[in-house]
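K.L.:
Order-wise, the sequence lines are chains A and B.
Number 191 in this note's numbering belongs to position 191 of the first sequence; there are no gaps in the numbering.
Number 347 in this note's numbering belongs to position 28 of the second sequence; there are no gaps in the numbering.
C-beta: ideal position from N, C-alpha, C; glycine also.
Everything numeric in this text was worked out from a predicted model, so none of it was measured.
My questions all concern the structure below.
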Amino acid sequence: MVGHTLIILTIIFFFLLNFFFFSFSSCSLKNFVSNVFLEEDLLQEPHAERCGSCHKDIHKDFKKSRHAVAWVAEHFKKESKNYTDEKCLPCHAAKPIWASSGFQEESELREKHFEDGIYCVTCHFDPHRKGMVGPYDVWSPPHPSFQDEKIKSAELCGVCHQETYSEWVEAKVDKTCSDCHMPKIGRKHLTQKPPMSWFHSKKEVSSHEFPALIAKKEDIKIDLLRKDGNLILQLENIGVPHNLPTADQGNPKLYIFLYWEDGEKETIVLSPQQENSLEYKKPISFVFQDKGLDMIEIKRRLSWKEEPELISSLTYGKD
Amino acid sequence: MKNISFDFKKSFDFKKGKGVSLTFFLFFLFLLAFFLFVRLGVSQQQEEEGKISIKRPPKSLDNFYPPKSREKKFLSSMHNMATSFRATMFYLQSGNTERAKKWAENLVKAYLSVNDMVPEWQNYIKKDVAENFLKAVNSGDLERAGALAKELGDTCKSCHQDNQLSVKIFYSIPSWDDIYVEDPVSLKKVDIHKFMQDLSASMRFTFIGVQDGDFAFAEKHAKDFSARAKAVKETCSSCHTSKASIEALAGKDYIGAVDSLFASIKEKNSQKFFSSLSRVSSYCERCHNTHLLLWEIKSSISD
């Protein structure tokens with residue numbers, strides 16, 4: 001009897017506690033608890049590992065990304081001439097990009113934790129609001145949190161990826177960068193550190209691996225026209241709402257290989273540095289002497305990789 | 320007409336009252352010697368002034384410039400000295416001894432630090448002059464400070480005369496040795512020097528084909544030249560971020576000229592070919608006169 005009473009009292013107490021914690025939006029109790037559990041160092045732009053102490057799964061994803069190695073990658077170290085080429089540095093170890101209203105016009109190089117590259121603090125910490133910005137309205141005692149839809153905007157990515165952002169604006173599509181490059185990976189807890197993680201319901205989480213996607217076969221439309229002994233090859237980027245390939249300073253390539261029936265091969269090379277990339281929904285044509293087309297292959301090579309990857313391969317026969 | 324003759328013996332009879340006096344003769348000889356000496360010195364100086372000497376700066380200076388150091392500490396030190404010098408003399412002349420002392424200390428500290436940064440240049444650094452200059456400033460002795468300032472400035476001038484040009488060439492001119500290009504013909508990554516050789520070879524064979532009236536041969540090489548010429552643009556962004564500067568050197572006009580050159584081969588139009596070639600080569604010239612010339616000078620003193 002006493003045991004049953006105790007259990008009932010505990011349950012009532014638990015519900016009352018939740019009621020006081022979560023029911024009053026401007027409750028002084030909530031503020032009191034926030035002050036008690038506030039972890040001040042989180043607002044001092046700490047290392048990525050510090051954020052990862054609670055956001056374990058997201059941090060694990062992030063470590064696999066190119067953002068995580070933006071500074072330490074050998075390729076970058078070489079291209080920036082051992083970190084002495086000043087113009088390269090801000091986008092590879094950027095300060096928080098939130099401004100007093102909207103975003104910074106350009107990235108700035110931060111003073112510490114360069115080796116973390118483009119990490120949590122760059123996109124999530126707002127030094128003006130002095131808290132973390134995310135897509136959800138959450139109460140997180142360790143650090144103030146603010147919900148802001150702009151966290152999902154292409155404009156955020158455009159602070160560093162300026163050229164690609166301009167191309168996306170030109171494309172005039174609704175899909176933003178995160179729709180493709182931060183795909184949803186299911187409903188999960190935002191943190192993995194009990195007991196705090198128990199107080200949050202699961203939310204739809206986006207991948208923080210930021211994959212550099214490869215175009216699908218159907219993203220590039222290929223048309224062939226034969227006229228006056230010539231073969232006119234028309235290519236159109238119909239699936240990717242930015243140039244193919246795209247980069248601000250890197251040098252990725254798109255190769256179009258034409259294999260002729262006589263065994264000869266011709267190559268078209270498209271690159272952002274040559275300013276001849278495939279723009280979204282803007283076809284371009286190439287004229288060849290028609291020697292009987294055997295096959296067309298389209299490959300792409302990312303600027304930090306040595307080997308190209310196949311996008312599509314089309315075989316043709318004689319008419 | 321009176322016969323005018325010159326009696327040498329009488330003229331140089333140094334007995335008093337006859338002919339040219341000894342004093343005058345010696346004075347004349349002295350003047351002649353002086354004139355010749357000065358003239359010789361001037362011509363030597365002119366000969367020296369016409370010479371430019373460049374040499375590889377001391378290796379210890381590498382530590383204060385990219386790629387070994389992001390900060391250009393040595394250059395900052397130079398600017399610091401120049402500013403401190405100016406400030407010291409200004410405050411001395413305007414009677415503000417306190418500020419003059421502060422800037423003089425700054426100057427001497429920066430001046431002596433050159434010894435630590437570049438021990439190979441210790442002969443240029445006159446520690447005693449610097450310390451005496453500081454003492455003079457501290458005592459407010461404007462005249463002595465002015466004299467020592469000149470002496471100190473002369474040591475700077477001496478080092479600058481010997482080394483400033485070499486340092487500017489060696490550390491300011493970009494290195495081209497680390498620039499690689501994917502050759503669009505072979506799809507192999509090659510260094511810029513090899514790439515330029517292959518580009519040049521494509522052009523020469525195209526030219527030969529046109530000259531010999533063999534347009535099939537010319538077309539084969541023009542195709543390679545066209546692809547390579549367009550790929551040159553990829554090298555610009557190794558250093559340039561400004562679209563404007565890339566546009567000036569390898570922009571739409573340049574690409575248009577390359578396309579026109581290739582079209583002229585397909586049309587078998589020699590006149591158009593030479594006209595397009597002239598347009599293309601004006602862009603080659605721009606880049607070569609800006610970059611290649613300086614790189615060749617730098618290469619002559621590089622390791």
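Which whole-angstrom value describes the C-beta separation of B/Cys-555 and B/Ala-569, a residue pair presumed to lie in contact below a C-beta threshold of 8 Å?
P.N.:
Stepping through the second sequence from its first residue, residue 555 of chain B is reached at position 236. Stepping through the second sequence from its first residue, residue 569 of chain B is reached at position 250. Confirmed, about 6 Å.
K.L.:
Are the CB atoms of B/Ser-485 and B/Ile-620 nearer to each other than 8 Å?
P.N.:
Within the second sequence, residue 485 of chain B is the residue found at index 166, counting from 1. Within the second sequence, residue 620 of chain B is the residue found at index 301, counting from 1. Yes, these two residues count as a Cβ contact at 8 Å.
K.L.:
Tell me, to the nearest whole angstrom, how far the beta carbon of B/Ala-429 is from that of B/Ser-396; I am working on the premise that it is less than 8 Å.
P.N.:
Sequence index remark: in the second sequence, residue 429 of chain B carries index 110 (1-based). Sequence index remark: in the second sequence, residue 396 of chain B carries index 77 (1-based). Their Cβ separation, rounded to whole angstroms, is 5 Å, which keeps B/Ala-429 and B/Ser-396 in contact under 8 Å.
K.L.:
Report the partner residues of A/Met-132 according to the DSSP bridge assignment.
P.N.:
For this step, residue 132 of chain A is matched to residue 132 along the first sequence. BP columns for A/Met-132 point to A/Phe-125 and A/Ser-145.
K.L.:
Would you mind telling me which residues of chain B sit closer than 7 Å to A/Ser-271, beta carbon to beta carbon, in chain order?
P.N.:
The sequence position of residue 271 of chain A within the first sequence is 271, counting from 1. Under the 7 Å cutoff, chain B gives Glu-553.
K.L.:
For A/Lys-253, which beta-bridge partners are listed by DSSP?
P.N.:
Here residue 253 of chain A is taken as the residue at index 253 of the first sequence, counted from 1. Looking at the DSSP assignment, A/Lys-253 forms a beta bridge with A/Arg-301.
K.L.:
Taking only runs that begin and end inside the stretch 2-78 of chain A, name each unbroken alpha helix (DSSP H) of 4 or more residues, in chain order.
P.N.:
Taking only runs of at least 4 residues, the alpha helix (DSSP H) segments lying wholly in the stretch 2-78 of chain A are 2-23, 28-37, 48-52 and 56-63.
K.L.:
Measuring CB atoms only, is the stretch 569-586 of chain B touching the stretch 533-550 of chain B, in the sense that at least three cross pairs come out at less than 8 Å?
P.N.:
Yes, they touch.
K.L.:
Are the C-beta atoms of B/Lys-370 and some chain A residue less than 8 Å apart?
P.N.:
Position 51 of the second sequence, counted from the first residue, corresponds to residue 370 of chain B. Closer than 8 Å: no.
K.L.:
Please report whether the beta-carbon of B/Leu-612 lies at a distance below 8 Å from any beta-carbon of chain A.
P.N.:
The count along the second sequence starts at 1 and reaches residue 612 of chain B at position 293. It does not; no Cβ of chain A falls within 8 Å.
K.L.:
For B/Asn-482 and B/Pro-376, which I take to be in contact (beta-carbon distance under 8 Å), what is that distance rounded to the nearest angstrom?
P.N.:
One-based indexing of the second sequence puts residue 482 of chain B at position 163. One-based indexing of the second sequence puts residue 376 of chain B at position 57. Confirmed, Cβ separation roughly 7 Å.
K.L.:
So which residues on chain A does B/Arg-389 lean against when the C-beta distance must stay under 7 Å?
P.N.:
Within the second sequence, numbered from 1, the residue matching residue 389 of chain B stands at position 70. Within chain A, the residues near B/Arg-389 are Tyr-83 and Thr-84.
K.L.:
Measure from the C-beta of A/Thr-267 to each C-beta in chain B and report whether the shortest distance is under 8 Å.
P.N.:
By one-based count along the first sequence, residue 267 of chain A stands at place 267. Yes, contact with chain B.
K.L.:
Given that A/Asn-351 touches chain B, what residues does it touch there, using C-beta distances under 7 Å?
P.N.:
Since the first and last residues shown for chain A are 1 and 319, residue 351 of chain A lies out of range.
K.L.:
Between which two residues does the alpha helix (DSSP H) containing B/Tyr-490 stretch?
P.N.:
Locating residue 490 of chain B in the second sequence gives position 171, where the first residue counts as 1. Where B/Tyr-490 is concerned, the enclosing alpha helix (DSSP H) stretches over 461-491.
K.L.:
So with CB distances below 8 Å, who are the chain B contacts of A/Phe-274?
P.N.:
Translated into the one-based positions of the first sequence, residue 274 of chain A becomes position 274. A quick correction: the sequence has Gln, not Phe, at residue 274 of chain A. Within 8 Å Cβ-Cβ: Lys-549, Ala-550, Lys-552 and Glu-553.
K.L.:
Give the single residue among B/Pro-503, B/Trp-495, B/Phe-524 and B/Ser-519 whose Cα lies nearest to the Cα of B/Asp-510.
P.N.:
Counted from its first residue, the second sequence places residue 510 of chain B at position 191. Among B/Pro-503, B/Trp-495, B/Phe-524 and B/Ser-519, the Cα nearest to that of B/Asp-510 is on B/Trp-495.
K.L.:
Tell me, please, whether the CB atom of B/Thr-560 is closer than 8 Å to any CB atom in chain A?
P.N.:
Working through the second sequence from its first residue, we reach residue 560 of chain B at position 241. So yes, B/Thr-560 belongs to the interface.
K.L.:
Would you report the Cα separation of A/Ser-25 and A/Gly-134, rounded to the nearest angstrom?
P.N.:
Counting from one through the first sequence, the residue named residue 25 of chain A turns up at place 25. Counting from one through the first sequence, the residue named residue 134 of chain A turns up at place 134. Its pLDDT being 49, under 50, A/Ser-25 is placed unreliably in this model, and the value from its coordinates should be taken loosely. Each residue's Cα considered, the two are about 19 Å apart.
K.L.:
What are the partner residues of A/Ile-222, as DSSP defines its beta bridges?
P.N.:
In the first sequence, residue 222 of chain A corresponds to position 222, counting from 1. Bridge partners of A/Ile-222: A/Leu-235.
K.L.:
So B/Ser-564 contacts chain A; which residues on that side make the cut at Cβ distance below 7 Å?
P.N.:
On the second sequence, residue 564 of chain B is found 245 positions in, with the first residue counted as 1. Those do not exist, as B/Ser-564 stays about 12 Å from chain A at its closest Cβ, beyond 7 Å.
K.L.:
How about A/Cys-160 and A/Ala-99: do their beta carbons lie closer than 8 Å?
P.N.:
Taking the first sequence and counting its residues from 1, the one referred to as residue 160 of chain A is at position 160. Taking the first sequence and counting its residues from 1, the one referred to as residue 99 of chain A is at position 99. Contact flag unset, no.
K.L.:
Taking only the alpha-carbon atoms, compute the straight-line gap between B/Leu-431 and B/Asn-415 and give it to the nearest angstrom.
P.N.:
Here residue 431 of chain B refers to the residue found at position 112 of the second sequence. Here residue 415 of chain B refers to the residue found at position 96 of the second sequence. Approximately 24 Å, taken between the alpha carbons.
K.L.:
For A/Lys-188 and A/His-59, I'd like the C-alpha separation in whole angstroms.
P.N.:
As a position in the first sequence, residue 188 of chain A is number 188, starting the count at 1. As a position in the first sequence, residue 59 of chain A is number 59, starting the count at 1. So the two alpha carbons sit approximately 14 Å from each other.
K.L.:
Near B/Cys-558, what residues of its chain come up, given a Cβ to Cβ distance below 6 Å and the 5 sequence neighbours on each side ignored?
P.N.:
On the second sequence, residue 558 of chain B is found 239 positions in, with the first residue counted as 1. Counting only Cβ-Cβ distances below 6 Å, and skipping sequence neighbours, we find Pro-493.
K.L.:
If you measure beta-carbon to beta-carbon, which residues of the stretch 498-509 of chain B are closer than 9 Å to chain A?
P.N.:
Cβ contacts with chain A come from Glu-501, Pro-503, Val-504, Leu-506 and Lys-508.
K.L.:
If you draw a straight line from the C-alpha of B/Glu-470 to the C-alpha of B/Lys-446, how long is it?
P.N.:
For the purposes of this step, residue 470 of chain B is identified with residue 151 of the second sequence, where counting begins at 1. For the purposes of this step, residue 446 of chain B is identified with residue 127 of the second sequence, where counting begins at 1. Computed Cα separation, rounded: 12 Å.
K.L.:
Tell me whether the beta-carbon of A/Pro-283 lies closer than 8 Å to the beta-carbon of A/Thr-246.
P.N.:
Taking the first residue of the first sequence as 1, we reach residue 283 of chain A at position 283. Taking the first residue of the first sequence as 1, we reach residue 246 of chain A at position 246. The answer is no: Cβ separation not under 8 Å.
K.L.:
Flag A/Phe-14 as yes if its beta-carbon sits less than 8 Å from any beta-carbon of chain B, otherwise no.
P.N.:
Working through the first sequence from its first residue, we reach residue 14 of chain A at position 14. Judged by the 8 Å Cβ criterion, A/Phe-14 is not in contact with chain B.
K.L.:
Within this structure, are the beta carbons of A/Pro-142 and A/Glu-309 separated by less than 8 Å?
P.N.:
Along the first sequence, one-based indexing puts residue 142 of chain A at 142. Along the first sequence, one-based indexing puts residue 309 of chain A at 309. Going by C-beta atoms, A/Pro-142 is not nearer than 8 Å to A/Glu-309.
K.L.:
With DSSP as the reference, please indicate the residues paired to A/Leu-278 in a beta bridge.
P.N.:
Here residue 278 of chain A refers to the residue found at position 278 when the first sequence is read from its first residue. Answer by DSSP bridge pairing, in chain order: A/Leu-244.
K.L.:
Report yes if the C-beta distance between A/Glu-163 and A/Asp-248 is below 8 Å; otherwise report no.
P.N.:
Position 163 of the first sequence, counted from the start, is the residue given in the question as residue 163 of chain A. Position 248 of the first sequence, counted from the start, is the residue given in the question as residue 248 of chain A. Cβ atoms of A/Glu-163 and A/Asp-248: closer than 8 Å.
K.L.:
In the DSSP assignment, find the unbroken alpha helix (DSSP H) run with A/Ile-284 in it and report its ends.
P.N.:
In the first sequence, the residue the question calls residue 284 of chain A occupies position 284. A/Ile-284 -> not in any alpha helix (DSSP H); beta strand (DSSP E) instead, spanning 284-289.
K.L.:
For A/Ser-312 and A/Lys-217, which I take to be in contact (beta-carbon distance under 8 Å), what is that distance rounded to the nearest angstrom?
P.N.:
If you number the first sequence from 1, residue 312 of chain A lands on position 312. If you number the first sequence from 1, residue 217 of chain A lands on position 217. Indeed they touch by this definition, with Cβ atoms about 4 Å apart.
K.L.:
Comparing alpha-carbon positions, which option in A/Glu-115, A/His-124, A/Lys-281 and A/Leu-293 lies nearest A/Glu-167?
P.N.:
On the first sequence, position 167 is the one that residue 167 of chain A refers to. Of A/Glu-115, A/His-124, A/Lys-281 and A/Leu-293, the residue nearest in Cα terms is A/Lys-281.
K.L.:
Enumerate in chain order the residues of its own chain whose CB-to-CB distance from B/Cys-478 is below 7 Å, with the five nearest sequence positions on each side excluded.
P.N.:
Counting from 1 along the second sequence, the entry for residue 478 of chain B is found at position 159. Taken in chain order, the residues that qualify are Trp-440 and Tyr-443.
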